[in-house]
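Undergrad: The structure follows.
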Amino acid sequence: MSHIAFTTSATHAAVAFHRSGAKQWSTLFPTTWRTRGTNSSLSLNSNRKRLQSRFFASATNGGNGAVVDEISETVKAHTNFVWPDNKKPRVCILGGGFGGLYTALRLESLEWPDDKKPQIALVDQSERFVFKPMLYELLSGVDEWEIAPYFSDLLANTGVRFLKDRVKVLHPSDHAGVNGPNASTRGGTVHLESGLHIEYDWLVLALGAEAKLDLVPGAVEFAIPFSTLEDARKVNNRLKILERKTFGKDRQISVAIVGCGYSGVELAATVAERLQNRGVVRAINVETTICPTAPPGNREAALKVLLSRKVELLLGYFVNCIRRASELESSNTLTGVDENRIETVPDFEKYILELQPAERGVQSKVIEADLVLWTVGSKPPLPHLEYSDVPFVIPLNARGQAETDETLRVKGHPRIFALGDSSALRDSNGRILPATAQVAFQQADFTGWNLWAAINGRPLLPFRFQNLGEMMVLGRYDAAISPSFVEGLTLEGPIGHTARKIAYLMRLPTDEHRLKVGISWFTKSAIDSVSLLQSTLSKVLSDSTTQSD
Numbered sequence: 019m020s021h022i023a024f025t026t027s028a029t030h031a032a033v034a035f036h037r038s039g040a041k042q043w044s045t046l047f048p049t050t051w052r053t054r055g056t057n058s059s060l061s062l063n064s065n066r067k068r069l070q071s072r073f074f075a076s077a078t079n080g081g082n083g084a085v086v087d088e089i090s091e092t093v094k095a096h097t098n099f100v101w102p103d104n105k106k107p108r109v110c111i112l113g114g115g116f117g118g119l120y121t122a123l124r125l126e127s128l129e130w131p132d133d134k135k136p137q138i139a140l141v142d143q144s145e146r147f148v149f150k151p152m153l154y155e156l157l158s159g160v161d162e163w164e165i166a167p168y169f170s171d172l173l174a175n176t177g178v179r180f181l182k183d184r185v186k187v188l189h190p191s192d193h194a195g196v197n198g199p200n201a202s203t204r205g206g207t208v209h210l211e212s213g214l215h216i217e218y219d220w221l222v223l224a225l226g227a228e229a230k231l232d233l234v235p236g237a238v239e240f241a242i243p244f245s246t247l248e249d250a251r252k253v254n255n256r257l258k259i260l261e262r263k264t265f266g267k268d269r270q271i272s273v274a275i276v277g278c279g280y281s282g283v284e285l286a287a288t289v290a291e292r293l294q295n296r297g298v299v300r301a302i303n304v305e306t307t308i309c310p311t312a313p314p315g316n317r318e319a320a321l322k323v324l325l326s327r328k329v330e331l332l333l334g335y336f337v338n339c340i341r342r343a344s345e346l347e348s349s350n351t352l353t354g355v356d357e358n359r360i361e362t363v364p365d366f367e368k369y370i371l372e373l374q375p376a377e378r379g380v381q382s383k384v385i386e387a388d389l390v391l392w393t394v395g396s397k398p399p400l401p402h403l404e405y406s407d408v409p410f411v412i413p414l415n416a417r418g419q420a421e422t423d424e425t426l427r428v429k430g431h432p433r434i435f436a437l438g439d440s441s442a443l444r445d446s447n448g449r450i451l452p453a454t455a456q457v458a459f460q461q462a463d464f465t466g467w468n469l470w471a472a473i474n475g476r477p478l479l480p481f482r483f484q485n486l487g488e489m490m491v492l493g494r495y496d497a498a499i500s501p502s503f504v505e506g507l508t509l510e511g512p513i514g515h516t517a518r519k520i521a522y523l524m525r526l527p528t529d530e531h532r533l534k535v536g537i538s539w540f541t542k543s544a545i546d547s548v549s550l551l552q553s554t555l556s557k558v559l560s561d562s563t564t565q566s567d
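For any residue, its number in the working numbering is found by taking its place in the sequence shown, counting from 1, and adding 18.
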């Protein structure tokens, strides 16, 4: 068991992390940070002189319109966040992914007594919410606004105040306990990187997870993860550059994807469909099968699609290192590379992946790629905060997730809830629940309800995960779905694709966004159908003309 150490003093500016035998955690919180992505995270750069934050908030006078306020300043002294009403409960939610955003919307949807309706502040480092299960479809031409709407648009008709900022320090004050005269009546304070301090009564940790690239030498420098909107944009731009440079040339684009779990398989199927005969996709996995935890029907459907698109599966191998190819290295000298398909082009940066077999007696491989995509491993970016002479701790598991009780409250902190990747909640068999969108959806619903219960003095409900099945995208018009309520059933191909679209349409955050996206999808489907009909008729007429001649 490891621990994060906190302090009740608000004057310190250092960050300390107390963990027995732990590795350096500075890699989890780099001094530079992406400007995109759906996960809030901590920055340890205490030397930054220039900090910027953007606030999208509902009008404090009670109006429904979104107010956009930009702040850019040299921060020397902190500024207190002003809540509209100090007498009403104050809920601060850190992280605007599935767990954070849907908890905020759940709180808004509940019926409250007038004097207990909470004020809600939602903090995230990105200005957009990202519907991650559909992130792959950005590579297939889906409009960005459909799966990554602005928080300001989603929250425009709510009382939720959105702050575009990063978490720096937490000062919880609820460690005295729940019962007795020493029980805390306030939650604590959140310090943001812009210098803003938010006092709260209740805190929700929904910080998501970041890609873990430091597992293999060279991965940080040369591989691109695929977990945020910024990652998807980067991959899409790299593919566009490669497509443009190889256009009209006798050369194929080589893409290596590390990992064959759900993320790796969905990415491999999507990229292979996009490149078609202009490229070759290789998927590498240490297991001897793809998607080892998936239902058999989903795994078989995915394998069929990958093989039909000529994806090369390198199963039973792990990546030993990734490095940039030198000018003297020729692609036709590398094991596993077809010299008839790939030729050296001087203005292309190429990468070498050294693969080692997971079992003895198998030959190692060396492959070459124009683009390396990484889908293996993740790390929760929970804040690592100040240490003092009298610390109190939040229990963490080995992955850095907060240990929670069955009501999703952090153990030892009755005013802090954790969910999604930030939570280490276990199922009835003692296994930690998977970090999936489905789990986060359900936990957000329970977190919202349990906050209502805690504020109104009602008993909290224990969380019970209900597995509704699993879905995976395999291309523009291809998907696989295995619903849990019909054993052995798998919907695949266009039928699975349609069912998946409908399921995710119902899961989009707001009614207004669902309506907009639904109209967009229906319009695009109609256009595609008309185009297909025209193409078919044209082919029939062409064949008829040929036969008459």
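Glycine residues also receive a C-beta, built at the ideal position from the N, C-alpha and C atoms.
Near Arg256, which residues of its chain fall below 8 Å by C-beta distance, leaving aside the five closest residues on each side in sequence?
TA: For Arg256, where only same-chain residues beyond five positions count, the Cβ hits under 8 Å are Ile242 and Leu389.
Undergrad: Excluding the five sequence neighbours on either side, which residues of its own chain have a C-beta within less than 6 Å of the C-beta of Ala250, listed in chain order?
TA: Leu153 and Leu156.
Undergrad: Quick check on the burial criterion: 16 or more other C-beta atoms within 10 angstroms. Buried or exposed for Ala544?
TA: Per the 10 Å Cβ criterion, exposed.
Undergrad: Just to confirm the assignment, what range does the alpha helix (DSSP H) spanning Ile10 have?
TA: Any property of residue 10 remains undetermined from this structure, which presents the chain solely from 19 to 567.
Undergrad: I need the straight-line Cα distance from Asp529 to Asp171, nearest angstrom please.
TA: Whole-angstrom Cα-Cα distance: 12 Å.
Undergrad: Inspect the beta-carbon positions of Asp439 and Gln419 and report whether they are closer than 8 Å.
TA: Closer than 8 Å, so yes.
Undergrad: May I ask you to report which of helix, strand or coil DSSP gives Asp142?
TA: In the structure shown, Asp142 sits in a strand (DSSP, three-state: E or B).
Undergrad: What does the alpha-carbon distance come out to for the pair Pro527 and Thr541?
TA: Spanning the two alpha carbons is a distance of roughly 21 Å.
Undergrad: Along the chain, where does the beta strand (DSSP E) containing Ala462 start, and where does it finish?
TA: No beta strand (DSSP E) contains Ala462, which is instead part of the alpha helix (DSSP H) from Ala455 to Ile473.
Undergrad: Label Asn316 either buried or exposed according to how many other C-beta atoms from any shown protein chain fall within 10 Å of its C-beta, with 16 as the threshold for buried.
TA: Buried, because 16 or more other Cβ atoms sit within 10 Å of the Cβ of Asn316.
Undergrad: Locate the alpha helix (DSSP H) running through Gly117, then write down its first and last residues.
TA: Phe116 to Ser127 is the span of the alpha helix (DSSP H), which, as asked, contains Gly117.
Undergrad: Cα separation between Gln374 and Leu469?
TA: Taking the straight line from one Cα to the other gives about 49 Å.
Undergrad: Could you tell me which uninterrupted beta strand (DSSP E) segments, each at least 3 residues in length, are contained entirely in the region 211-238, listed from first to last along the chain?
TA: Whole beta strand (DSSP E) segments, 3+ residues: 214-218 and 220-223.
Undergrad: Which parts of the region 474-500 are runs of the beta strand (DSSP E), unbroken and 3 residues or longer, counting only runs that do not cross its ends?
TA: The region 474-500 contains these whole beta strand (DSSP E) runs: 487-493.
Undergrad: Excluding the 5 residues preceding and the 5 following Glu424 in the sequence, name in chain order all residues of the same chain whose CB lies nearer than 8 Å to its CB.
TA: Leu443, Pro480 and Phe481, listed in sequence order.
Undergrad: Could you check how far apart the C-beta atoms of Asp219 and Arg433 are, in whole angstroms? I think they sit under 8 Å.
TA: The pair is a contact, with the Cβ atoms about 7 Å apart (cut-off 8 Å).
Undergrad: Have a look at Leu333, Glu291 and Ala301 and flag the residue whose alpha-carbon is nearest the alpha-carbon of Leu492.
TA: Of Leu333, Glu291 and Ala301, the residue nearest in Cα terms is Glu291.
Undergrad: Kindly list the residues whose CB is nearer than 6 Å to the CB of Leu478, restricted to its own chain and excluding five residues on each side of it in sequence; keep chain order.
TA: So the list reads Thr425, Asn468 and Ala471, once near-sequence residues are dropped.
Undergrad: Within the same chain, show all residues whose beta-carbon is closer than 8 Å to that of Gly329, passing over the 5 residues directly before and after it, in chain order.
TA: Residue identity differs from the one stated: residue 329 is Val in this sequence, not Gly. Cβ within range, chain order: Ala286, Ala287, Ala290, Val299, Arg300 and Ala301.
Undergrad: Which whole-angstrom value is the C-beta distance of Ile9 and Cys278, which I expect to be below 8 Å?
TA: This structure cannot speak to residue 9, because the chain is shown only from 19 to 567.
Undergrad: According to DSSP, simplified to helix, strand and coil, what is Thr541?
TA: Three-state result, Thr541: helix.
Undergrad: In three-state DSSP terms, what is Ala274?
TA: The answer is strand: DSSP assigns Ala274 an E or B state.
Undergrad: Per DSSP, what are the beta-bridge partners of Arg297 in this structure?
TA: Residue 297 is actually Gly in this sequence, not Arg. For Gly297, which the question treats as bridged, DSSP gives the partners Ile271.
Undergrad: From the DSSP output, in three-state form, read off Val548 for me.
TA: Note: Val548 maps to helix in three-state DSSP.
Undergrad: Please classify Gly282: is it buried, with 16 or more other beta-carbons within 10 angstroms of its beta-carbon, or exposed?
TA: With 16 or more Cβ atoms within 10 Å of its Cβ, Gly282 is classed as buried.
Undergrad: Would you decide whether Leu233 is buried or exposed? Buried here means 16 or more other CB atoms lie within 10 Å of its CB.
TA: Per the 10 Å Cβ criterion, exposed.
Undergrad: Tell me whether Pro102 sits in a helix, a strand or coil according to DSSP, three-state version.
TA: Three-state DSSP puts Pro102 in coil, outside helix and strand.
Undergrad: How big is the Cα-Cα spacing for Arg146 and Val323?
TA: Arg146 and Val323: Cα-Cα distance of roughly 32 Å.
Undergrad: Less than 7 Å between C-beta atoms, sequence neighbours within five positions excluded: which residues of the same chain meet that for Glu488?
TA: The residues are Ala312, Pro313, Asn316 and Ser500.
Undergrad: Tell me, please, which residues DSSP counts as bridged to Ser441.
TA: Beta-bridge pairing links Ser441 to Ala420.
Undergrad: Can you find at least 3 beta carbon pairs, one from the region 106-115 and one from the region 211-226, that sit closer than 8 Å?
TA: These segments touch.
Undergrad: Terminal residues of the continuous beta strand (DSSP E) containing Val185?
TA: Val185 to Pro190 is the span of the beta strand (DSSP E), which, as asked, contains Val185.
Undergrad: From Ala174, Glu217 and Lys263, pick the residue whose C-alpha is nearest to that of His189; which is it?
TA: Considering only alpha carbons, the answer is Glu217.
Undergrad: Cα-Cα, which of Asp103, Leu486, Thr306 and Thr207 is closest to Ser191?
TA: Closest option to Ser191, Cα to Cα, is Thr207.
Undergrad: Take Asp103 as the anchor and find which of Thr454, Glu126 and Gln137 has the nearest alpha-carbon.
TA: Answer by Cα proximity: Gln137.
Undergrad: Can you name, in chain order, every residue of its own chain whose Cβ lies under 8 Å from the Cβ of Ile165, other than the five neighbours on each side?
TA: Same-chain partners within the cutoff: Val148, Phe149, Met152, Leu153, Glu155 and Leu156.
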